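Protein chains in written order, with our numbering: chain F, 270 to 471; chain Y, 270 to 471.
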DNA sequence: GCAGAAACGGAACATGGTTCCGTATCGTCT
DNA sequence: AGACGATACGGAACCATGTTCCGTTTCTGC
């Protein structure tokens, strides 16, 4: 996975860390992201760090030099898709027929993302302190977008609830847990029900 | 798990194991359940087994003799409350004004239960294989009750959805995750939204 | 009171995240 | 090119946790 874009941001979890100066380091970082992505697909997001190191043909120390924590590795792997989601928000708002429609479509986007990543949703909400950073990153990036959509829909009087963007994101994320391993559970449908509940009853 | 009472029952997670024959064993089992309950309240359902052993003043082996697995201990601690929930279903159905009302009240009961147990909801859905038994036990006991309520409401034409009792339970359980540690997230409200979405639009 | 079954305690094992540090590699300076 | 310091690497070692094993202790029926 590409990653690296020029240094800039403040928040370490949000900022793509500056590219390593040394060529071997740069190469390893590439390799690691690719390996991690592959392992996540094959064994889920909670696959052992050692498996990722093995897949990348790299020592454990190397992983931890590049990504201080498992959560940072996960963030790095999915950063692009998250950012795509962030950018999709305003776009949908501008394009869609109504703000509420845009909100629904945006949430669908997010749910699709979550549901197609084995165990991501679970790890996102697991009280597990290891993944605090992951949780925080997702929320920091997505809540503002969600809030914008929610506000717009609210202003357009399409919505009948003072539900927080934060709560909505949490709820949606929660509903996606387990959807990837249980054919009897359809997260999209659940989220649909939840979001439908926001609509202004007319 | 206590020593094999002469074989009989099929589902080990559902059967309250027969009381141990030996007095010390009986005493220890009591002590363990109390200690576990206390530790779960203090440190959450995912507190280390060692903490529980320490609280009970007992060795690790003793815990594992009585409860083959952490999950079995958790089940034992909460069995009574689950069973109370199971019994409340038909009662509410008989008492409530309408089946849908009964369903709503029953779900409230369940949510209250989950939300007041630190980390129970999380551990319930965590893909974690360790807790498979817990997950299964909850579902085995509660899904039939939920199905009964759902059917009744459906028959009374109060509900406009072919949602499975299983899906509903999963959804509700999921929505409760993290509610105990995050003041910004109100699981009851989320569940309310979800359940409201079932109602026949009129 | 004895013998053997039943229970006990806790060391030891497996797994998984993370840290440490001696060694290897890179890039620059001369 | 050669040398040297900074950077990066590998993987053993460490810590936390669930679980297993087994030598020891405690009961209970006779």
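All C-beta atoms in this analysis are idealised placements derived from N, C-alpha and C, irrespective of residue type, glycine included. Since the structure is predicted, the reported quantities are computational estimates derived from the model, not experimental observations.
Asked, Found
"Tell me the residue span of the alpha helix (DSSP H) that contains residue 293(Y).", "292-312"
"Taking 8 Å as the threshold (beta carbon to beta carbon), is residue 455(Y) in contact with chain F?", "yes"
"Say whether chain F places a C-beta atom closer than 8 Å to the C-beta of residue 401(Y).", "no"
"Output yes if chain F places a C-beta closer than 8 Å to the C-beta of residue 428(Y); else output no.", "no"
"With a cut-off of 8 Å, does the C-beta of residue 339(Y) fall near any C-beta of chain F?", "no"
"Quick check: residue 364(Y) and residue 375(Y), are their CB atoms within less than 8 Å of each other?", "no"
"Using a Cβ-Cβ cut-off of 6 Å (strictly less than) and excluding sequence neighbours within five positions of residue 355(F), which residues of its own chain qualify?", "410 and 414"
"Leaving out five residues before and five after residue 306(Y) in sequence, what residues of the same chain have Cβ atoms less than 8 Å from its Cβ?", "346"
"Would you identify the three-state DSSP class for residue 446(Y), choosing helix, strand or coil?", "coil"
"Quick one: does residue 462(Y) have its CB under 8 Å from some CB of chain F?", "yes"
"Taking the DSSP output, what are the residues bridged to residue 428(Y)?", "468(Y)"
"Please give the ranges of any alpha helix (DSSP H) in the segment 316-396 of chain F, keeping only runs that are unbroken, at least 4 residues long and fully inside the region.", "318-325, 329-335, 339-364, 368-384 and 389-394"
"Nearest chain F C-beta to residue 481(Y) closer than 8 Å, yes or no?", "Nothing in the structure corresponds to residue 481(Y), since chain Y is present only between 270 and 471."
"Measuring CB atoms only, is the segment 432-451 of chain Y touching the segment 441-461 of chain F, in the sense that at least three cross pairs come out at less than 8 Å?", "yes"
"Between residue 466(Y) and chain F, is the shortest Cβ-Cβ distance under 8 Å, so that the two count as touching?", "yes"
"Find out if the Cβ-Cβ distance for the pair residue 399(F), residue 450(F) is shorter than 8 Å.", "no"
"I'd like to know whether the C-beta atoms of residue 462(F) and residue 466(Y) end up nearer to each other than 8 Å.", "yes"
"Nearest to residue 294(Y) by CA position, among 312(Y), 421(Y), 325(Y) and 387(Y), is which residue?", "325(Y)"
"Nearest-angstrom Cα distance between residue 275(F) and residue 334(Y)?", "Residue confidence is low: residue 275(F) scores 33 on pLDDT, short of 50, so the model does not pin down where it sits. No coordinate-derived value is stated."
"When you compare only the Cα positions, how much space is there between residue 402(Y) and residue 439(Y)?", "15 Å"
"With burial defined as no fewer than 16 other Cβ atoms inside 10 Å of the residue's Cβ, what is the status of residue 368(Y): buried or exposed?", "buried"
"Taking the alpha-carbon positions, what's the residue 424(Y) to residue 310(F) distance?", "43 Å"
"Using a Cβ-Cβ cut-off of 6 Å (strictly less than) and excluding sequence neighbours within five positions of residue 322(F), which residues of its own chain qualify?", "329 and 332"
"Classify residue 433(F) as helix, strand or coil using the three-state DSSP reduction.", "coil"
"8 Å is my cut-off, CB to CB: does residue 297(Y) come that close to chain F?", "no"
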